[in-house]
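Structure first, then comments.
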Amino acid sequence: MAIKRDPHTEDTFLEKAIRGDKAGLEYLVSAYKNLAYTIAIRIVLNREDAEEVVQDAFMKAFASLSKFKKASKFSTWLYRIVYNTALTSKASKRISAVDLNGRFVNEQYISVENQQWDLTRNTERKKYVEIALSRLSEEERLIITLHYIGELSILEICEIVNMKKSAIKMRLLRGRDQLEVELKLLLKDEVKDLL
306 MAIKRDPHTE DTFLEKAIRG DKAGLEYLVS AYKNLAYTIA IRIVLNREDA
356 EEVVQDAFMK AFASLSKFKK ASKFSTWLYR IVYNTALTSK ASKRISAVDL
406 NGRFVNEQYI SVENQQWDLT RNTERKKYVE IALSRLSEEE RLIITLHYIG
456 ELSILEICEI VNMKKSAIKM RLLRGRDQLE VELKLLLKDE VKDLL
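Read in order, the letters of the sequence shown correspond to residues 306 to 500 in my numbering.
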């Protein structure tokens with residue numbers, strides 16, 4: 306679940322950050338690092354690489370802060386930078402393992418802990434959801450994460466991943482359906498309680 310923030314406070318700290326004020330920069334990192342990490346981990350599938358992606362993305366964002374036009378929300382602009390940085394990192398590494406079903410997955414990804422992940426009631430169920438998410442396509446996994454964990458609107462997701470609204474809606478639908486199939490395989494009868 307995303308943390309609700311006061312837009313006035315965010316604007317104040319954003320203006321401070323644009324002027325190079327340390328408190329403004331620290332606020333922005335604190336406010337957006339968790340979802341930035343979630344986006345990165347869903348793409349690079351590795352904790353260390355995700356941390357590096359987030360650090361690189363914040364550095365790129367802060368270096369370009371004076372160019373931020375406020376045509377979109379700061380979070381949308383930042384998450385687009387995180388998304389692109391993660392894709393670049395993944396393309397440069399191309400490290401994957403193959404699970405028993407022939408799908409690409411990195412085992413470290415399955416055990417990732419995320420502070421914002423409140424969809425499950427206990428650690429065991431969380432593990433099953435993470436495993437099921439890891440079996441989705443990269444796009445579906447990211448879009449589901451942005452929408453349900455990051456609580457971003459479909460329009461914000463469109464800006465981040467550069468897709469049309471109809472494509473985002475279709476991937477959300479297919480992703481939810483596939484997630485249910487995977488959870489049924491993993492949990493059998495417990496899936497109805499979980500969803």
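Ideal Cβ positions, reconstructed from N, Cα and C, are used throughout, including at glycine.
Quick caveat, the model's predicted, so the values are computed rather than measured.
- Shown here, E456 sits in coil according to DSSP, grouped into three states, outside any helix or strand.
- Inter-residue distance for I323 and K470 is about 31 Å (C-alpha atoms, whole angstroms).
- Distance from the CA atom of Y332 to the CA atom of F318, rounded to whole angstroms, is 7 Å.
- The alpha-carbon separation between M364 and H452 amounts to approximately 25 Å.
- The continuous alpha helix (DSSP H) containing R352 extends over residues 352-368.
- Inclusion of I448 and R476 in the CB contact set at 8 Å is warranted, their separation being smaller than that value.
- For S442, the three-state secondary structure derived from DSSP is coil.
- Taking every protein chain shown into account, the CB of G480 has 16 or more other CB atoms within 10 angstroms, so this residue is buried.
- I386 and K474 have their C-alpha atoms some 22 Å from each other.
- Three or more beta-carbon pairs separated by less than 8 Å link the stretch 386-398 to the stretch 345-361, which places the two stretches in contact.
- Going by DSSP, T390 is part of the alpha helix (DSSP H) stretching over 379-398.
- Contact annotation: L383 and Y337 have beta-carbon atoms nearer than 8 Å.
- Residue state for D326 is assigned as coil, using DSSP reduced to three classes.
- Separation of the CB atoms of A345 and V359 is rounded to 5 Å, and the pair is thereby assigned contact status at 8 Å.
- For M475, the enclosing alpha helix (DSSP H) starts and ends at 470-492.
- Taking the Cα of E485 as reference, the smallest distance to any Cα among F379, L350, S439, A341 is reached at S439.
- Ranking K321, L350, A396, R446 by CA distance to the CA of E487 puts R446 first.
- Residue burial is scored here from C-beta neighbours: L330 has at least 16 other C-beta atoms within 10 angstroms and is therefore classed as buried.
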